[in-house]
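Here the structure is laid out as structure tokens; the discussion comes afterwards.
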Amino acid sequence: MCSSSQSASTFGTLCDSSLFRCCSFGFSSGTSFLGRALFFFCFFTFFFCFLFITFFVLSPLVVVQGLGQSIEEFQSQKEADNASLNASSVIQGDNAEQLFRNHPQLDETPSIKSLVKLWHKYHTDQIIWDSSALKSESNNFPYRYHFRFVDTHALPQLKNSADSTTIHSNFDEIFSRKWIEKYRNIIPSLFISFYELDGKSTEPQEIEKVDLELISEINALKNQLSKRNIKHLVILSSSASSLTELSLDERLNLIRKQTGMNNRNCLILLQSSTPKEVGALVHSTLQVIKAAELEFYSGMEKKIRRKRAKTIGNANDDFSKSLIESRYALKLGFINEFKQQYDYAVKSFEIAYENLIQIFETLSLQDPNWSSYRLLVDITIFHIVKLNFYQEATNLSYKKFDVHIQSVVYFLKQKNISPKSYAVCNWLSQQFKWLAQLSDLAPYSLVPTEIPYKPDAKDPFSPLVLPHSGYLYLQAIHLLRRRESSLEDPNSLKDVYFAEVNTDEFDASLKNLLNFAKLAFQKKDNLFPRSVSFINFQLAEELYKASDFEGAVRFYEQSLEPIKEDEWSYLSSTIYYKLFKCSIELKKHYASIMNLLELCLIPDKQLNQSKLLKIKSLTENQENFKKILEPSTDKVLINVSTDETYDILQSEVLFKSSEFSLSKSAQFQVKLKSNLNQILNEVKFNDLLISFQGSFLPILLKCDTNLPSQNVFAVGDLKYDEDSNYLVGSANLTFSSYEEKILKFGIPAKKIGSNTCVSISSTLEYKDLFEIKLNVPINNKTFQTRHHWFDDEHANRIITNHTPESCEIVPRIPETKVTVAEMNEYAVVGENFQINLLVSNKDHEVVDLHLEPEAKLGESSLEISCGEGKGNKVEMKSLDTENELKQVLSLIVPNSIDDQSEIVVSIKVTFFVGGDYDVPIVSWLKTKIKVVDPFKISLSFLPRIVDDDIPSLFVIRDNDPKLPKPSRHWLTKVVVVNDLSSDIELIGEELTFVSSNKHLICREIDDKVETSKQGDKMVSDHFIETVIENGHTYRNITFDSMLTLKYKRKDSNAINEYQNKPWKFTLPLLDPRVLLDIETNQDSKDVKLVFMIENPTTRIFSFAVSLVENQNFQITGTKTQNLSVLPYTRQKVEFHAVPLASGWVNLPQLTVYDLNYRVNLPTLLVTDKAQTHNREIFIHIQ
1 MCSSSQSAST FGTLCDSSLF RCCSFGFSSG TSFLGRALFF FCFFTFFFCF LFITFFVLSP
61 LVVVQGLGQS IEEFQSQKEA DNASLNASSV IQGDNAEQLF RNHPQLDETP SIKSLVKLWH
121 KYHTDQIIWD SSALKSESNN FPYRYHFRFV DTHALPQLKN SADSTTIHSN FDEIFSRKWI
181 EKYRNIIPSL FISFYELDGK STEPQEIEKV DLELISEINA LKNQLSKRNI KHLVILSSSA
241 SSLTELSLDE RLNLIRKQTG MNNRNCLILL QSSTPKEVGA LVHSTLQVIK AAELEFYSGM
301 EKKIRRKRAK TIGNANDDFS KSLIESRYAL KLGFINEFKQ QYDYAVKSFE IAYENLIQIF
361 ETLSLQDPNW SSYRLLVDIT IFHIVKLNFY QEATNLSYKK FDVHIQSVVY FLKQKNISPK
421 SYAVCNWLSQ QFKWLAQLSD LAPYSLVPTE IPYKPDAKDP FSPLVLPHSG YLYLQAIHLL
481 RRRESSLEDP NSLKDVYFAE VNTDEFDASL KNLLNFAKLA FQKKDNLFPR SVSFINFQLA
541 EELYKASDFE GAVRFYEQSL EPIKEDEWSY LSSTIYYKLF KCSIELKKHY ASIMNLLELC
601 LIPDKQLNQS KLLKIKSLTE NQENFKKILE PSTDKVLINV STDETYDILQ SEVLFKSSEF
661 SLSKSAQFQV KLKSNLNQIL NEVKFNDLLI SFQGSFLPIL LKCDTNLPSQ NVFAVGDLKY
721 DEDSNYLVGS ANLTFSSYEE KILKFGIPAK KIGSNTCVSI SSTLEYKDLF EIKLNVPINN
781 KTFQTRHHWF DDEHANRIIT NHTPESCEIV PRIPETKVTV AEMNEYAVVG ENFQINLLVS
841 NKDHEVVDLH LEPEAKLGES SLEISCGEGK GNKVEMKSLD TENELKQVLS LIVPNSIDDQ
901 SEIVVSIKVT FFVGGDYDVP IVSWLKTKIK VVDPFKISLS FLPRIVDDDI PSLFVIRDND
961 PKLPKPSRHW LTKVVVVNDL SSDIELIGEE LTFVSSNKHL ICREIDDKVE TSKQGDKMVS
1021 DHFIETVIEN GHTYRNITFD SMLTLKYKRK DSNAINEYQN KPWKFTLPLL DPRVLLDIET
1081 NQDSKDVKLV FMIENPTTRI FSFAVSLVEN QNFQITGTKT QNLSVLPYTR QKVEFHAVPL
1141 ASGWVNLPQL TVYDLNYRVN LPTLLVTDKA QTHNREIFIH IQ
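In terms of the working numbering, the sequence shown opens at residue 1 and continues consecutively.
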């Protein structure tokens, strides 16, 4: 914790008192320059008599003797202490007892310098605010002392008797400034003496003599201090390098023994000490100081309490009791503040305040101590507020402050002193000053800096919360102004406290307070712009009164910045009026006109009427106005060119339609409204220039006062000016206050494209005095789509336009239509779908037509053609009027539609009117086609037997491979179900097979294809053969099969083909299998079951065969047997079955178990007389 000092010259600039000039003051390191300046400005005028009580932090006094005059860190401090003591009469002459010292002062060594530098961190005297005293910081900074370095020092003589218990009415007998000054600068809680322990002498006798002299001096000083209960700390400095050198340790022990000291209050400092050793020594001294100051001030507190108890018993009345309570409560408060026990100090000060208020209530205005008592009340409340700040209870401090203000004002009213009197206003202003400045000294965390007041967490709705210090300054300023106005009252000086009239200091005080308030609001950037603006305005007013027009203009302009965009028209009108007058005084013509225009833009109801009349009388007198602007000429013409947009004239642009056909007239209107008030009465706008982005030429409108001044005026023919490339017209453009005019225009549309009104500019002229070139803002509302189109002054109609300031010039669309004349409701997969278009032409000009269709199914493009062999584009030239043409579009619907169910057909229709191919007119015709897949297809493979499908091993032909080529035959059954049989007719189908291995053949036997149709179903049987071509061994054959389905719509002869996605199949070639054929007897209904075990391989298989009977049939035949099947043979197993039930019944199952591979062979049907279901075979019995 360190403090910084401020030089006497800085403080001297604020005060003329020589006493102040000789003092220097300090602040804690956290205090801003603003806080320092503010605090000095207030307190030098307020607490003159109790300067040291009020200003500075009270901390335990520690007097240090023996270090000479060379302590740089405390040099300014010593000067201030000496000056304050010389100015006081605390100890003078016989009242003082000089402390004994014969030893010379020590020279400054590096170790002593380091020691003093470390002490300086804990030094708090001559500072106004100590941030380390805060409640939250007290544990981090337990040591805070007032170190006073002296060469010689004197203490007050001891009194021979106890204090008198007589009660005096004299103010100084209640509480004296000398008492607090005595304990702040004279009587220490600890006295530190530095001595040199001579290490140069080597003779024992010389060393003994030096030590005895030192012991004698220490004992003499110790005796003087002990009579006053002051502790003594001795620090011996030696040039020896260690304690063992020259028996230094023995000498130190001897000195301690002979002086009655120990290793805590008699320390040794070697000049060769390291920084760490010096730091340890400093820590030891701080602990000694802490213990000494607690003992010293605790003893004082007990003594004060004993005196109070003894004295108050002699009091005869309430007045005397209040005097005693005030006296000793104040002393206890200051003692506890010395002890840094601020909570106890606050309680003592509050007791003192309550008793002082009671005394104040009984005093009369004629009492000679009236001002002294008032001052003591103010000092007491200051300490209460300040110490509550230390306790971080700032809102409580403000409540105490408010009670103080209300209490004093109440008692003053009781004494017939008006709160509006000069003295009371002056006193109130000073109170708010020091509270504001105390807030500025406090850390930002304790006081409101970013918000107007500090919220009270315990009582959110309490009105008594600490305001921002800027508002406290403004309150002090308000009271200071009210003070000056109260001087006219003859009874205003009835109260003598703060009643000294000094009109010379008023202006300086007011400006200083305004500057301090401004700085307070600017602690955080741009958080209080309006408050800063208001303060700048008041500063400008003060400069205006002093005829400092340059300075006034600067502050007026600063005050305008934050309120330009706000609705503070009354304040801004006052500012512009003063700026106007300043500009005239300074002969600044440009600024005069600009400020005049700003005044003209303020609404009449928000403009001060007296100012309005003054300005009107000035501007309407043309000759006088000229002389004010330029006395040396007869005529003044000021051209002001600016890129800024002034709202002198506002405009709205509206095109009658968002689109206009080529060669037609594009009609639009411009609504102009003057925002000028009555100051200029009537002005003229000339050279109104309307500019466009696009092909439209700019329009220049001249002001012609001979034309009628109408609210709605249709501008006549616009003439083209070759020199300027403008369209030029005329209108009466004189405007009175807030007048509105609507100008209507028509521009020939000669070029296709977009046109937008981008800017309007004009020149304001006023009575040949000045003219201003200005940009006219276009104030079309962004989200407004309905607008008023004015045909005359009274009739208007609503027009819908999303971009009223723009229009599009488009080609003329011919009266030619392209529509879909005929098209089926849906399209079928694979269909050649046709769309019939109808082209109808009724246009009076020659029209050529291009059709470009495109089709998409989802993201995939489809091929679409215009008629037969015409590609995807058709051109029709010179369409006949009143004639209709048909055009057919064709597209093939994909076979697979996945998840997409719609085809989108977009037809680009391009018109060319009058053979002008440079201006195509494009439109789009779109239609959607629903796509359906009505076909449900199933495919199955059933084994079949042919006599020679298994070759004989004994028949060998030429060119046969070494191994026989077995083949297998299959019945492929195709079933197609048509879900749209009412519209779609099935014609036939084609089935193709493609093997994935060229040595394996899958071929259809064409002469055995059978097809049948039954309503919405078509069934086809295809017989195929699978063969191994090269004689190698292949267990399976894999092949692709594709079905092509032919169909047509019933109302059309066009045949369409649907092709499904290829199927992939795998059929066995060489695996053994069991085939079942059924022979029936129509007469007896008996069933013969012929099971055939087939072996198409070169191996011999052995099987275990068993028949599993059921109750549906009676079976005859060998039901269980073992069989061996030779290569390329079939082995039959027959059973005769007599039905025992009718209907669909399941046949007995034959189990064929391969004894080698240990698997069961499946049973496959080779007949249509039975069906399989869930691995069981069923037959229908009549």
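Here a beta-carbon is modelled for each residue, glycine too, at the ideal position from N, C-alpha and C.
Going by the beta-carbon positions, is the gap between serine 380 and tyrosine 353 smaller than 8 Å? Counting from one through the sequence shown, the residue named residue 380 turns up at place 380. Counting from one through the sequence shown, the residue named residue 353 turns up at place 353. At residue 380 the sequence reads threonine, which differs from the serine that was named. Yes.
Please classify threonine 285 as buried or exposed, where buried requires at least 16 other C-beta atoms within 10 Å of its C-beta. To locate residue 285, count along the sequence shown from 1; it is residue 285. Per the 10 Å Cβ criterion, buried.
Given a cut-off of 8 Å on the beta-carbon distance, is the pair proline 1072 and isoleucine 1055 in contact? As a first step, residue 1072 is located in the sequence shown; it is residue number 1072 there, counting from the start. As a first step, residue 1055 is located in the sequence shown; it is residue number 1055 there, counting from the start. No; because the gap between Cβ atoms is not below 8 Å, this pair is not in contact.
C-alpha distance - glutamate 542 paired with glutamine 437, whole-angstrom precision: Position 542 of the sequence shown, counted from the first residue, corresponds to residue 542. Position 437 of the sequence shown, counted from the first residue, corresponds to residue 437. Glutamate 542 and glutamine 437: Cα-Cα distance of roughly 23 Å.
The beta strand (DSSP E) spanning histidine 1136 covers which residue range? On the sequence shown, position 1136 is the one that residue 1136 refers to. Element bounds for histidine 1136: 1129-1139.
Are the Cβ atoms of valine 1027 and aspartate 933 separated by less than 8 Å? Indexing the sequence shown from 1 puts residue 1027 at position 1027. Indexing the sequence shown from 1 puts residue 933 at position 933. No, Cβ-Cβ distance for valine 1027 and aspartate 933 is not below 8 Å.
From lysine 1191 to glycine 470, what does the alpha carbon distance come to, in whole angstroms? The first residue shown for the chain is 1 and the last is 1182, placing residue 1191 beyond what the model contains.
Burial state of glutamate 206 (16 or more Cβ within 10 Å): On the sequence shown, residue 206 is found 206 positions in, with the first residue counted as 1. By the 10 Å Cβ count, glutamate 206 comes out exposed.
Own chain, CB closer than 7 Å to lysine 1188, minus 5 neighbours either side, in chain order: The structure shown has nothing for residue 1188, since the chain only spans 1 to 1182.
Between valine 839 and the rest of its own chain, which residues show a CB-CB distance below 6 Å, the 5 nearest in sequence each way excluded? Counted from its first residue, the sequence shown places residue 839 at position 839. Excluding sequence neighbours, valine 839 sits near Val818, Leu885.
For threonine 1167, collect the residues of the same chain with a Cβ closer than 7 Å to its Cβ; drop the 5 residues on either side in sequence, then sort them by chain order. Against the sequence shown, residue 1167 aligns to sequence position 1167. The answer, listed in chain order, is Asp1077, Ile1078.
Could you pull out every residue in the same chain whose Cβ sits closer than 6 Å to the Cβ of threonine 109, ignoring the five residues on either side in sequence? Counted from its first residue, the sequence shown places residue 109 at position 109. So the list reads Gln271, once near-sequence residues are dropped.
Mark proline 1062 as exposed unless 16 or more other C-beta atoms lie within 10 angstroms of its C-beta, in which case mark it buried. On the sequence shown, residue 1062 is found 1062 positions in, with the first residue counted as 1. Under this definition proline 1062 is an exposed residue.
Alpha carbon to alpha carbon, what distance is there between arginine 228 and leucine 158? Numbered from its first residue, the sequence shown carries residue 158 at position 158. Numbered from its first residue, the sequence shown carries residue 228 at position 228. Computed Cα separation, rounded: 8 Å.
Name the one or two DSSP bridge partners that tyrosine 766 has. Residue mapping note: residue 766 aligns to position 766 of the sequence shown, counting from 1. Phe770.
Go ahead and pull the three-state DSSP assignment for aspartate 211. Walking along the sequence shown from the start, residue 211 turns up at place 211. Note: aspartate 211 maps to helix in three-state DSSP.
So the candidates are Asn836, Asn883, Ala821, Lys873; which of them puts its Cα closest to the Cα of histidine 844? Residue 844 sits at position 844 when you count from the first residue of the sequence shown. When each option's Cα is compared against that of histidine 844, the closest is Asn883.
Limits of the unbroken beta strand (DSSP E) element including methionine 1018: Working through the sequence shown from its first residue, we reach residue 1018 at position 1018. 1017-1028 is the span of the beta strand (DSSP E), which, as asked, contains methionine 1018.
Checking the sheet assignment: what are the DSSP bridge partners for isoleucine 984? Counting from 1 along the sequence shown, the entry for residue 984 is found at position 984. Arg1049.
Give a yes or no on whether the C-beta atoms belonging to isoleucine 127 and valine 57 are separated by under 8 Å. Counting from one through the sequence shown, the residue named residue 127 turns up at place 127. Counting from one through the sequence shown, the residue named residue 57 turns up at place 57. For isoleucine 127 and valine 57, yes; Cβs fall inside 8 Å.
As a quick exercise: from Ser691, Ile1005, Ala291, Ser878, pick the residue whose alpha carbon is nearest that of serine 724. On the sequence shown, position 724 is the one that residue 724 refers to. The shortest Cα separation from serine 724 among Ser691, Ile1005, Ala291, Ser878 belongs to Ser691.
Residues in the same chain with beta-carbon distance under 7 Å from threonine 633, minus the five sequence neighbours each way, listed in chain order, please. Reading the sequence shown from its first residue, position 633 is the one you call residue 633. Reliability of the predicted coordinates at threonine 633 is poor, the pLDDT of 48 falling under 50, and no value is obtained from them.
Just mark serine 878 as buried or exposed, buried being the case when its beta carbon has 16 or more other beta carbons within 10 Å. The count along the sequence shown starts at 1 and reaches residue 878 at position 878. Answer is exposed; the Cβ neighbour count stays below 16.
Taking the C-alpha atoms as reference points, what is the distance between glutamate 561 and phenylalanine 382? For the purposes of this step, residue 561 is identified with residue 561 of the sequence shown, where counting begins at 1. For the purposes of this step, residue 382 is identified with residue 382 of the sequence shown, where counting begins at 1. Each residue's alpha carbon lies about 38 Å from the other.
Can you list, in chain order, the residues of its chain with a C-beta nearer than 7 Å to that of alanine 476? Leave out the 5 residues immediately preceding and following it. Along the sequence shown, one-based indexing puts residue 476 at 476. Counting only Cβ-Cβ distances below 7 Å, and skipping sequence neighbours, we find Ser429, Phe432, Lys433, Ala436, Leu513.
Looking at the strands, I want to know which residues DSSP matches up with glycine 830. Looking up residue 830 in the sequence shown gives position 830. Note: glycine 830 sits in no beta bridge, so no partner.
Proline 529 (DSSP reduced to helix, strand or coil): As a working mapping, residue 529 is identified with position 529 in the sequence shown. Proline 529 falls in the helix class under three-state DSSP.
Starting from glutamate 203, trace the beta strand (DSSP E) both ways and give me its first and last residue. Stepping through the sequence shown from its first residue, residue 203 is reached at position 203. Glutamate 203 -> no beta strand (DSSP E), and no H or E assigned at all.
Based on Cα-Cα distance, which residue from Val408, Asp440, Ser439 lies nearest to cysteine 425? Numbered from 1 along the sequence shown, position 425 holds the residue referred to as residue 425. Closest by alpha carbon: Val408.
Boundaries of the beta strand (DSSP E) in which leucine 1155 is found, first to last residue: Locating residue 1155 in the sequence shown gives position 1155, where the first residue counts as 1. From DSSP, leucine 1155 is part of no beta strand (DSSP E); its letter is neither H nor E.
Can the beta-carbon of asparagine 895 be found less than 8 Å from the beta-carbon of leucine 654? Residue numbering aside, residue 895 sits at position 895 when the sequence shown is read from its first letter. Residue numbering aside, residue 654 sits at position 654 when the sequence shown is read from its first letter. No, Cβ-Cβ distance for asparagine 895 and leucine 654 is not below 8 Å.
Closest to histidine 1032 by CA distance: which of Pro964, Gly988, Thr1011 is it? For this step, residue 1032 is matched to residue 1032 along the sequence shown. It is Pro964 whose Cα lies nearest to the Cα of histidine 1032.
Just the C-alpha distance for arginine 305 and alanine 315, rounded to the nearest angstrom, thanks. Counting from 1 along the sequence shown, the entry for residue 305 is found at position 305. Counting from 1 along the sequence shown, the entry for residue 315 is found at position 315. Rounded to the nearest angstrom, the two C-alpha atoms are 16 Å apart.
Do leucine 743 and asparagine 686 have their beta-carbon atoms positioned less than 8 Å apart in this structure? Along the sequence shown, one-based indexing puts residue 686 at 686. Along the sequence shown, one-based indexing puts residue 743 at 743. No, they are not a contact pair.
Closest Cα partner of histidine 468 within the set Ser348, Arg481, Phe521: Locating residue 468 in the sequence shown gives position 468, counting from the first residue. The shortest C-alpha separation from histidine 468 is found at Phe521.
Looking only at its own chain, which residues have a Cβ that is under 6 Å from the Cβ of glutamine 98, when we skip the five neighbours before and after it? Along the sequence shown, one-based indexing puts residue 98 at 98. Closer than 6 Å at the Cβ level, and outside the excluded window around glutamine 98, lie Ala154.
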